[in-house]
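Participant: Sequential numbering of the sequence shown, starting at 6, is according to the numbering used here.
All residues carry an ideal CB built from backbone N, CA and C; glycine is no exception.
Quick caveat, the model's predicted, so the values are computed rather than measured.
Structure provided below as structure tokens; questions to follow.
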Amino acid sequence: MHDQARQPDLPEGIDAALFCACFNLRKTARAITQFYNAILQPKGLLATQFTLLAILARDNPTPISAFAEALGMDRTTLARNLKPLQRDGLVQVAPDETDHRIQLVTLTAEGRAALLA
Numbered sequence: 006m007h008d009q010a011r012q013p014d015l016p017e018g019i020d021a022a023l024f025c026a027c028f029n030l031r032k033t034a035r036a037i038t039q040f041y042n043a044i045l046q047p048k049g050l051l052a053t054q055f056t057l058l059a060i061l062a063r064d065n066p067t068p069i070s071a072f073a074e075a076l077g078m079d080r081t082t083l084a085r086n087l088k089p090l091q092r093d094g095l096v097q098v099a100p101d102e103t104d105h106r107i108q109l110v111t112l113t114a115e116g117r118a119a120l121l122a
């Protein structure tokens, strides 16, 4: 933030909120994500995609519900994050052969190669 005079209409306690752990943790997380995105950019991956591939390498294949739970995100957000990886052939999402209600996420050979690169 830049130096400027305090706005007279700011809510009481806003100064304390700007120094809270949550605010600063989120700011730090964004900076770290930008750093990793820059490093991974030549490989065509984002930090979030790298994380998904790494977890899949450990838990391959995995039901999408368990995958979302392991990441602390909802299924809808996970499905949206998986779409570019599916499009690029790095992961596959398909119904379980024994229980078609379960969607399994599988790391492909291309996905493993991208992770190792």
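Once you ignore the five residues that flank Leu120 on each side, which residues in its own chain have a CB closer than 8 Å to its CB?
Facilitator: As a working note, residue 120 is residue 115 in the sequence shown. So the qualifying residues of the chain are Phe55, Leu58, Ala59, Ala62, Leu112.
Participant: Assuming Thr67 and Ala52 are in contact, meaning their beta carbons sit under 8 Å apart, how far apart are those beta carbons, in whole angstroms?
Facilitator: Taking the first residue of the sequence shown as 1, we reach residue 67 at position 62. Taking the first residue of the sequence shown as 1, we reach residue 52 at position 47. Their Cβ separation, rounded to whole angstroms, is 20 Å, which puts Thr67 and Ala52 out of contact at 8 Å.
Participant: Give me the Cβ distance between Ile69 and Gln108, rounded to the nearest whole Å; I'm assuming they're in contact under 8 Å.
Facilitator: As a first step, residue 69 is located in the sequence shown; it is residue number 64 there, counting from the start. As a first step, residue 108 is located in the sequence shown; it is residue number 103 there, counting from the start. Indeed they touch by this definition, with Cβ atoms about 4 Å apart.
Participant: Determine the closest residue to Asn65 out of Leu90, Gly49, Val110, with distance taken between C-alpha atoms.
Facilitator: What you label residue 65 is simply residue 60 of the sequence shown in a count that begins at 1. Nearest C-alpha to Asn65: Val110.
Participant: Going by the CB atoms, is the gap between Leu83 and Phe72 shorter than 8 Å?
Facilitator: Within the sequence shown, numbered from 1, the residue matching residue 72 stands at position 67. Within the sequence shown, numbered from 1, the residue matching residue 83 stands at position 78. Contact flag set, yes.
Participant: Would you list the residues sitting across from Thr111 in a DSSP beta bridge?
Facilitator: Locating residue 111 in the sequence shown gives position 106, where the first residue counts as 1. In the DSSP output, where bridge partners are listed per residue, Thr111 has Gln97.
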